[in-house]
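Down below is the structure, laid out as structure tokens.
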Amino acid sequence: MTTQVNISEKTATELFCEAFGAQAAGVAIITAEGSDGLPGGLTISSLSSVSAEPPIVSFSFKDRTGSAARIIDADSFLIHLIGADNIEIAKLFSISKADKFGDTSTWDRLPTGEPLLHGVSRVLRVRPLGTLNAGPAVVFTAEVTDFIRHDANAAPTVYHARRFHGLGDHSAL
Numbered sequence: 001m002t003t004q005v006n007i008s009e010k011t012a013t014e015l016f017c018e019a020f021g022a023q024a025a026g027v028a029i030i031t032a033e034g035s036d037g038l039p040g041g042l043t044i045s046s047l048s049s050v051s052a053e054p055p056i057v058s059f060s061f062k063d064r065t066g067s068a069a070r071i072i073d074a075d076s077f078l079i080h081l082i083g084a085d086n087i088e089i090a091k092l093f094s095i096s097k098a099d100k101f102g103d104t105s106t107w108d109r110l111p112t113g114e115p116l117l118h119g120v121s122r123v124l125r126v127r128p129l130g131t132l133n134a135g136p137a138v139v140f141t142a143e144v145t146d147f148i149r150h151d152a153n154a155a156p157t158v159y160h161a162r163r164f165h166g167l168g169d170h171s172a173l
């Protein structure tokens, strides 16, 4: 059953947030080495495939400081596709001021400098193609240049109703 909403009672922003909050989205962590040599990373739920030939993705985020600034300035970065067994790391990377790289036993650097998180089953190395300012957000397009790890059988994680959920056979319809 649908509920009719008097639009005058809610702002367009509230309605927009409610609509997309009810829509499940995949979860990824973007990591990059900043121009200052420091690692940066953040959790996103906006990753989309754009093209398979050549492999191109898009994503967005609205912060432009800290880890986001390192990603914006990077010549390449990693996209960690978060599995059901990586929910805790996704939570950590969703906190803007968290010490995401303090425990050096949880990550390494690739020879190209990008921080590679341990235990993530699917990792793509990408180079940015372009950005677009969209309101307070920046939208990226990026070309996949390498598949660092690929386990097609890893159970994915989705973000829905402000919570992380692991998918698997139990959730198939």
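Just so we're aligned: the sequence shown equals residues 1 to 173 in full-length UniProt numbering.
The beta carbon of each residue, even a glycine, is placed where N, CA and C say it ideally should be.
Status (buried if at least 16 other CB within 10 Å, exposed otherwise) for residue i
| i | result |
| --- | --- |
| T145 | exposed |
| P115 | buried |
| R127 | exposed |
| H80 | buried |
| V50 | exposed |
| F140 | buried |
| T13 | exposed |
| E88 | exposed |
| L78 | buried |
| L173 | exposed |
Among the options, nearest to residue i - alpha-carbon criterion
| i | options | result |
| --- | --- | --- |
| L110 | I82, I148 and A98 | I148 |
| R163 | D36, D108 and I44 | I44 |
| W107 | A68, A25, G40 and C17 | G40 |
| S67 | K97, H118, A28 and T141 | K97 |
| Q23 | L173, A161, N133 and I30 | A161 |
In DSSP terms, what residue i is bridged to
| i | result |
| --- | --- |
| D146 | R125 |
| N133 | V138 |
| T11 | According to DSSP, T11 bridges with nothing at all. |
C-alpha distance - residue i paired with residue j, whole-angstrom precision
| i | j | result |
| --- | --- | --- |
| A84 | S94 | 16 Å |
| D36 | R122 | 27 Å |
| A52 | T11 | 38 Å |
| A25 | L167 | 12 Å |
| S60 | L129 | 13 Å |
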